[in-house]
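S.K.:
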Amino acid sequence: GENVEQHPSTLSVQEGDSAVIKCTYSDSASNYFPWYKQELGKRPQLIIDIRSNVGEKKDQRIAVTLNKTAKHFSLHITETQPEDSAVYFCAAENTGNQFYFGTGTSLTVIP
Amino acid sequence: SAVISQKPSRDICQRGTSLTIQCQVDSQVTMMFWYRQQPGQSLTLIATANQGSEATYESGFVIDKFPISRPNLTFSTLTVSNMSPEDSSIYLCSAGANEQFFGPGTRLTVL
Numbered sequence: 246g247e248n249v250e251q252h253p254s255t256l257s258v259q260e261g262d263s264a265v266i267k268c269t270y271s272d273s274a275s276n277y278f279p280w281y282k283q284e285l286g287k288r289p290q291l292i293i294d295i296r297s298n299v300g301e302k303k304d305q306r307i308a309v310t311l312n313k314t315a316k317h318f319s320l321h322i323t324e325t326q327p328e329d330s331a332v333y334f335c336a337a338e339n340t341g342n343q344f345y346f347g348t349g350t351s352l353t354v355i356p
Numbered sequence: 624s625a626v627i628s629q630k631p632s633r634d635i636c637q638r639g640t641s642l643t644i645q646c647q648v649d650s651q652v653t654m655m656f657w658y659r660q661q662p663g664q665s666l667t668l669i670a671t672a673n674q675g676s677e678a679t680y681e682s683g684f685v686i687d688k689f690p691i692s693r694p695n696l697t698f699s700t701l702t703v704s705n706m707s708p709e710d711s712s713i714y715l716c717s718a719g720a721n722e723q724f725f726g727p728g729t730r731l732t733v734l
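Read top to bottom, the protein sequences are chains W and R. Position 104 of the first sequence, counted from 1, bears residue number 349 in the numbering used here, the numbering being contiguous throughout. Position 63 of the second sequence, counted from 1, bears residue number 686 in the numbering used here, the numbering being contiguous throughout.
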């Protein structure tokens, strides 16, 4: 099965700085990599995703990069704001359409 | 995006009893999934609910403990059987055509 590792587990940044979260996966056949943001007591919300035929995708202050050869992908948040504080999860979808999640990163943006 | 509802939103149950959680999607989807998320932890896939066939369970989860129904393309149930305090967790369903969206979760406490 797929094994997804995520680092760091906690991350604190000053407001306005950038935050980077990294994930690796084990199954080279995985082809879809979403990122979810989960605020306390809420459901995970899809914030950005990338498919294996693309190396980078950007949506305003959020970007995701994918290196299929190395089997790792990263989330980049620029100009961080206090409302970006949450737990972020990466995931990898296998060929059976099942998602396997990383262990999560608790991001704190300090005003 | 799919709109997913779950009920109950929370419940407190006695040891040895069973609870059935319902998940409703506002559109027809091929696959629905059930996850468990313990406090401060990541999401662990329990099973894939397939319409017209038996659910597919992940390692560590068995049908006798977590029976699943999928009577049509918009609905699924997960039963947590013969509960113990270790089953206390948040249970989430997810579904979607390309991206996966989550229900709000069911917070289960077993006394």
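For glycine and all other residues, C-beta sits at the position ideal for the given N, C-alpha and C.
Under three-state DSSP, which class holds Pro631(R)?
M.R.: Residue state, collapsed to three classes: coil.
S.K.: For Pro253(W), which of helix, strand or coil comes out of DSSP?
M.R.: If DSSP states are grouped into helix, strand and coil, Pro253(W) belongs with coil.
S.K.: Could you please give me the residues that DSSP links to Leu734(R) through a beta bridge?
M.R.: Answer by DSSP bridge pairing: none, since Leu734(R) is not bridged.
S.K.: Assuming Arg638(R) is part of the beta strand (DSSP E), what are its boundary residues?
M.R.: Run containing Arg638(R): none; DSSP gives neither H nor E here.
S.K.: Per DSSP, which one or two residues make a beta bridge with Phe684(R)?
M.R.: Paired residues: none, contrary to the question.
S.K.: With distances taken from CA atoms, which of Thr353(W), Thr348(W), Pro356(W) and Ile355(W) is nearest Ser665(R)?
M.R.: Nearest C-alpha to Ser665(R): Thr348(W).
S.K.: Alpha carbon to alpha carbon, what distance is there between Leu696(R) and Gly726(R)?
M.R.: Rounded to the nearest angstrom, the two C-alpha atoms are 16 Å apart.
S.K.: Using a C-beta to C-beta distance shorter than 7 Å, which residues of chain W count as neighbours of Leu715(R)?
M.R.: Under the 7 Å cutoff, chain W gives Arg288.
S.K.: Answer yes if the region 631-643 of chain R comes into contact with the region 265-282 of chain W, meaning at least three C-beta pairs across the two stretches below 8 Å, and no otherwise.
M.R.: Because the criterion of three Cβ pairs below 8 Å is not met, the region 265-282 of chain W and the region 631-643 of chain R do not touch.
S.K.: Are at least three pairs of beta-carbons, each pair with one atom in the region 643-653 of chain R and one in the region 324-332 of chain W, less than 8 Å apart?
M.R.: No, because fewer than three Cβ pairs between the region 643-653 of chain R and the region 324-332 of chain W fall closer than 8 Å, the two stretches do not touch.
S.K.: Taking Gln343(W) as the query, report the chain R residues whose CB atoms sit under 9 Å from its CB, ordered along the chain.
M.R.: Residues of chain R passing the Cβ test: Met654, Phe656, Leu668, Thr671, Thr679 and Glu681.
S.K.: Could you tell me whether any Cβ in chain R is nearer than 8 Å to the Cβ of Gly291(W)?
M.R.: Per the sequence presented here, residue 291(W) reads as Leu, with Gly not at that position. Cβ-Cβ to chain R under 8 Å: yes for Leu291(W).
S.K.: Residues of chain R with CB closer than 7 Å to the CB of Phe346(W), please, in chain order.
M.R.: Near Phe346(W) (Cβ distances below 7 Å), the residues of chain R are Ser665 and Leu666.
S.K.: Please name the residue, chosen from Phe346(W), Lys313(W) and Ile266(W), that lies closest to Ile307(W) on a Cα-to-Cα basis.
M.R.: Nearest of Phe346(W), Lys313(W) and Ile266(W) to Ile307(W), Cα basis: Ile266(W).
S.K.: Step through the CB atoms of chain C and report whether any lies within less than 8 Å of the CB of Asp294(W).
M.R.: Structure shown: chain C not included; protein chains present are W and R.
S.K.: Tell me whether Glu709(R) sits in a helix, a strand or coil according to DSSP, three-state version.
M.R.: Three-state result, Glu709(R): helix.
S.K.: Assuming contact is defined by CB atoms lying nearer than 8 Å, are Pro631(R) and Thr700(R) in contact in what I supplied?
M.R.: Not closer than 8 Å, so no.
S.K.: Between the C-alpha atoms of Phe346(W) and Val703(R), what's the straight-line distance to the nearest angstrom?
M.R.: Approximately 22 Å, taken between the alpha carbons.
S.K.: Can you list, in chain order, the residues of its chain whose CB lies under 7 Å from that of Gln259(W), leaving out five sequence neighbours each side?
M.R.: Taken in chain order, the residues that qualify are Ile355.
S.K.: Within the same chain, show all residues whose beta-carbon is closer than 7 Å to that of His317(W), passing over the 5 residues directly before and after it, in chain order.
M.R.: For His317(W), where only same-chain residues beyond five positions count, the Cβ hits under 7 Å are Lys267, Cys268 and Thr269.
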